[in-house]
Amino acid sequence: MTVHSILPASQAEYEAQMRRLEEEAESARQAFIQAKGNYDRLCGEMRNLRIAWRDQQETTTQQPQPANNAGLVTKNSAYPDRIKPHRGRHTHAATYAPGLLMHTACNKKFEEDNVDHLEESDPITCPACQRAVKNNA
Ligand SMILES: [Zn+2]
Numbered sequence: 012m013t014v015h016s017i018l019p020a021s022q023a024e025y026e027a028q029m030r031r032l033e034e035e036a037e038s039a040r041q042a043f044i045q046a047k048g049n050y051d052r053l054c055g056e057m058r059n060l061r062i063a064w065r066d067q068q069e070t071t072t073q074q075p076q077p078a079n080n081a082g083l084v085t086k087n088s089a090y091p092d093r094i095k096p097h098r099g100r101h102t103h104a105a106t107y108a109p110g111l112l113m114h115t116a117c118n119k120k121f122e123e124d125n126v127d128h129l130e131e132s133d134p135i136t137c138p139a140c141q142r143a144v145k146n147n148a
């Protein structure tokens, strides 16, 4: 079948053929708009997923340690608490011992009332405690 064989033979045939093409074009246009909307929605979902995933990766890989803690051990399961005796200048790694005592990694005991309790992310500044938790981390 050649192009010439479908050429309209009259004005009426021409108009009928044109109407049919216009209807097909319109339904193709509608399908295109719907597909485009679908495509945009999927792109948006992929984008949101990427952002959510990246945020999650950042929060799980970030360590909540201030920069000035570099080189100092800050976590130890045996001595999870950080205490500073009221009369001392060092921060010790400590844990609770019976009788409301704090037992430090450097093997000192303090009454709980005589120490300040610090954040567990605070650096241990007592050299003996540092050694003890490093060997025992
Ligand atoms: Zn200590």
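FYI, in the working numbering the residues of the sequence shown are 12 to 148. Quick reminder that beta carbons are idealized off the backbone N, C-alpha and C, glycines included.
Checklist line | Bounding residues of the alpha helix (DSSP H) (the contiguous stretch that carries Arg142) | finding: 138-145
Checklist line | Rounded Cβ spacing between Arg93 and Glu131 (contact assumed at less than 8 Å) | finding: 6 Å
Note to self: So the candidates are Tyr25, Ala105, Val126; which of them puts its Cα closest to the Cα of Asn87?
What the structure shows: Ala105
Note to self: Just checking Thr71 against ligand 1 - is the residue's beta carbon closer than 7 Å to any of the ligand's heavy atoms?
What the structure shows: no
Notebook entry, point to check: Any heavy atom of ligand 1 closer than 7 Å to the Cβ of Thr115?
Noted result: yes
Next item on the list: Verify whether the separation of the beta carbon atoms of His114 and Ala108 is less than 8 Å.
Entry: yes
Check: For Lys120, which residues from the same chain have a beta carbon less than 8 Å from its beta carbon, with the 5 sequence-adjacent residues on both sides left out?
Finding: In its chain, beyond the 5 residues on either side, Ala108, Leu112, Met113, His114 have a beta carbon closer than 8 Å to the beta carbon of Lys120.
Next item on the list: Compute the beta-carbon to beta-carbon distance between His103 and Ile135, rounded to the nearest angstrom, for a pair I have assumed lies under 8 Å.
Entry: 7 Å
Next item on the list: Classify Cys54 as buried or exposed, calling it buried when 16 or more other Cβ atoms lie within 10 Å of its own Cβ.
Entry: Sixteen is the threshold: since fewer than 16 other Cβ atoms of the shown chains lie within 10 Å of the Cβ of Cys54, the residue is exposed.
Note to self: On the DSSP letters alone, give me the boundaries of the beta strand (DSSP E) that Ile94 sits inside.
What the structure shows: It spans 92-96 - the beta strand (DSSP E) in which Ile94 sits, taken as one unbroken run.
Next item on the list: Pull up the CB-CB distance for Lys117 and Ala89, whole angstroms please, since I reckon it's below 8 Å.
Entry: What sits at residue 117 in the sequence shown is Cys, not Lys. That pair is no contact at about 13 Å.
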